[in-house]
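A.B. asks: Below are the C-alpha cells for one structure; questions will follow.
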Amino acid sequence: MPGSAWFDDDAGPVVRPYALTGGRTTYDADVFDMVALIVTRDGEDTEAAEVRPVPPGAPPPIWSPDPEHEMILGFCRTPLSVVEIASELELPLGVVRVLLGDLLDRSLIEVRRPAPVARFPGERVLKEVIDGIRAL
C-alpha cells in the first residue's frame with residue numbers, strides 16, 4: 001500500500017506514550033521512585049474501577065479508568081515495584097508514573113516504601129566477632 005511504508009506488521013501496535021496520559025508527561029508528587037511498592041487498596045479491584053452506566057440525564061463521569069489503569073489494579077493485588085509494573089505493561093517508566101498518579105489521586109492504590117537497607121555493624125563489632133570465632 002503506497003504511503004504506509006512507515007508501518008511494520010512485526011512491530012505491533014504503535015501508540016505514542018502521551019496518548020495514554022492525555023499529554024501529561026510527569027506526576028506532580030515525587031512518590032513513584034523505581035523501587036516504590038504499589039498495592040491495590042483493600043477492597044479495591046478492577047471491578048471497582050469499571051465505569052458504571054450513567055442514568056439518562058445524569059452528567060457523564062468526570063474520570064473513567066483506561067484499560068492500563070485496570071491492568072495496574074489487577075497486577076497490584078500483590079505489591080509490585082514501579083519498574084515491575086512498567087515491565088509488565090511494556091510502557092516507559094514516565095508513562096507508568098502518570099498512570100499511577102491517576103490511581104493514587106483517586107485513592108485506588110497505596111505506595112509503600114521498601115524496607116531500608118540494614119546498616120552494617122561497625123568495624124569494632126566485626127573484629128570482636130572474628131576474634132570470638134578464632135577463640136573457638
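Under the UniProt record's numbering, think of the first position of the sequence shown as 1, with each following residue one higher. No residue lacks a Cβ here, since even glycine has one placed at the ideal position from N, Cα and C.
Can you tell me whether residue 18 is helix, strand or coil according to DSSP?
C.D. replies: Walking along the sequence shown from the start, residue 18 turns up at place 18. Three-state DSSP puts residue 18 in a helix.
A.B. asks: Let me check you understand the geometry: is the CB of residue 84 closer than 7 Å to at least one non-hydrogen atom of the ligand NAP?
C.D. replies: Among the ligands in the structure shown, none appear at all, so the ligand NAP cannot be discussed.
A.B. asks: Alpha carbon to alpha carbon, how far is residue 90 from residue 101?
C.D. replies: For the purposes of this step, residue 90 is taken as the residue at position 90 of the sequence shown. For the purposes of this step, residue 101 is taken as the residue at position 101 of the sequence shown. Approximately 18 Å between the Cα atoms of the pair.
A.B. asks: Does residue 73 come out as helix, strand or coil in the three-state DSSP assignment?
C.D. replies: In the sequence shown, residue 73 corresponds to position 73, counting from 1. Residue 73 falls in the helix class under three-state DSSP.
A.B. asks: For residue 38, which of helix, strand or coil comes out of DSSP?
C.D. replies: Position 38 of the sequence shown, counted from the first residue, corresponds to residue 38. It is a strand residue.
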